[in-house]
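Chemist: What follows is a single structure, and I will ask about it in a moment.
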Amino acid sequence: MSHIPLGPNWDTRVMPPGPEWHTTGEVRPVFGYWSLISGIVAEALYFPCMLALRQESKNSCYKIMFWISLVDMLTLLVCSVFYGVGLLQGDVFCANPIWHFCLGAYGIGCWTASCLGCLILVCNRMAELMDKGWIFEGIRTHIFLALPTLYGILFALFTPPPIFNSKYHFFLQSVH
Numbered sequence: 333m334s335h336i337p338l339g340p341n342w343d344t345r346v347m348p349p350g351p352e353w354h355t356t357g358e359v360r361p362v363f364g365y366w367s368l369i370s371g372i373v374a375e376a377l378y379f380p381c382m383l384a385l386r387q388e389s390k391n392s393c394y395k396i397m398f399w400i401s402l403v404d405m406l407t408l409l410v411c412s413v414f415y416g417v418g419l420l421q422g423d424v425f426c427a428n429p430i431w432h433f434c435l436g437a438y439g440i441g442c443w444t445a446s447c448l449g450c451l452i453l454v455c456n457r458m459a460e461l462m463d464k465g466w467i468f469e470g471i472r473t474h475i476f477l478a479l480p481t482l483y484g485i486l487f488a489l490f491t492p493p494p495i496f497n498s499k500y501h502f503f504l505q506s507v508h
């Protein structure tokens, strides 16, 4: 990871990356299984809801809600499923730095995209209330949804990601 300029808090030169770092983390089976199982159940329950939203895709608000639900399902993978697996293994950043870096970047990118998608939904509903619904008609909805998609990608690529640490039950901005 020395080729990625992340700053002094991300240095893994003390000990090379590998499984011996798991001794610095803490295995948390109760919360790990809770996160893993609740994430899988939420994913399973989300799917039929997405199908219902997809069938109503004539209305722009349903298109936006479908997009938000898709991004939420992608975010749940990191924030619940992989989080639970990390707690069960007692994971820390230095055990597998590239994996944790990518998970953090992916998670924060999806989360920021989802937040902006929700703001677009608010604007959509306000436009409908003010009889300006034409703003979101046709392909314009997809253009509006390209904004949070691009925002999430840029956020994932150009900001330092939060990193999972089993010792603190948290995604941290610094690994130390």
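Here this note's numbering = 1-based position in the sequence shown + 332. Using N, Cα and C, we set each Cβ at its ideal position, and we do this for glycine too.
1. Distance, Cα to Cα, LEU316 vs VAL359?
2. So is ILE440 buried or exposed if we call it buried at 16+ other beta carbons inside 10 Å?
3. For chain D, find out if any of its Cβ atoms is closer than 9 Å to the Cβ of SER412; answer yes or no.
4. Starting from the C-beta of SER498, find all residues in its chain whose C-beta is less than 8 Å away, skip the five residues before and the five after it, and write them out in chain order.
5. To the nearest angstrom, report how far apart GLY371 and GLY416 are at their CA atoms.
6. Apply the 10 Å Cβ neighbour rule to LEU435 and answer buried if 16 or more other Cβ atoms are within range, or exposed otherwise.
7. Is there contact between the segment 381 to 397 and the segment 426 to 435, where contact requires at least three CB pairs shorter than 8 Å?
8. Quick one: complete alpha helix (DSSP H) runs, 4+ long, within the segment 371 to 400?
9. Just to check, is the beta-carbon of ALA437 closer than 8 Å to a non-hydrogen atom of the ligand SAH?
10. For PHE503, report the span of its beta strand (DSSP E) as first-last.
11. When the Cβ atoms of the segment 370 to 390 are set against those of the segment 440 to 453, are three or more pairs found closer than 8 Å?
12. LEU477 and TRP399 look like a contact to me (Cβ under 8 Å); what is the Cβ gap, rounded to whole Å?
13. Where does ILE495 fall in DSSP's three states?
Modeler: Short version:
1. Missing from the structure shown is residue 316; the chain here goes from 333 to 508 and no further.
2. Translated into positions along the sequence shown, residue 440 becomes position 108. Classification for ILE440: buried.
3. In the structure shown, chain D does not exist; there is a single protein chain.
4. As a first step, residue 498 is located in the sequence shown; it is residue number 166 there, counting from the start. Closer than 8 Å at Cβ, skipping near neighbours: GLY357, GLU358, VAL359, ARG360, GLY418, LEU419, GLN421, GLY422, ASP423, VAL424.
5. As a first step, residue 371 must be located in the sequence shown, where it is residue number 39. As a first step, residue 416 must be located in the sequence shown, where it is residue number 84. Each residue's Cα considered, the two are about 8 Å apart.
6. Indexing the sequence shown from 1 puts residue 435 at position 103. By the 10 Å Cβ count, LEU435 comes out buried.
7. The count of Cβ pairs closer than 8 Å, one atom from the segment 381 to 397 and one from the segment 426 to 435, stays below three, leaving the stretches out of contact.
8. If one requires a minimum length of 4 residues, no alpha helix (DSSP H) run lies completely within the segment 371 to 400.
9. Annotation note on the ligand SAH: not contained in the displayed structure, which lists no ligands.
10. Within the sequence shown, residue 503 is the residue found at index 171, counting from 1. PHE503 -> beta strand (DSSP E) spans 502 to 504.
11. In short, these stretches do not touch, since the Cβ pair count stays below three.
12. For this step, residue 477 is matched to residue 145 along the sequence shown. For this step, residue 399 is matched to residue 67 along the sequence shown. Indeed they touch by this definition, with Cβ atoms about 5 Å apart.
13. To locate residue 495, count along the sequence shown from 1; it is residue 163. It is a strand residue.
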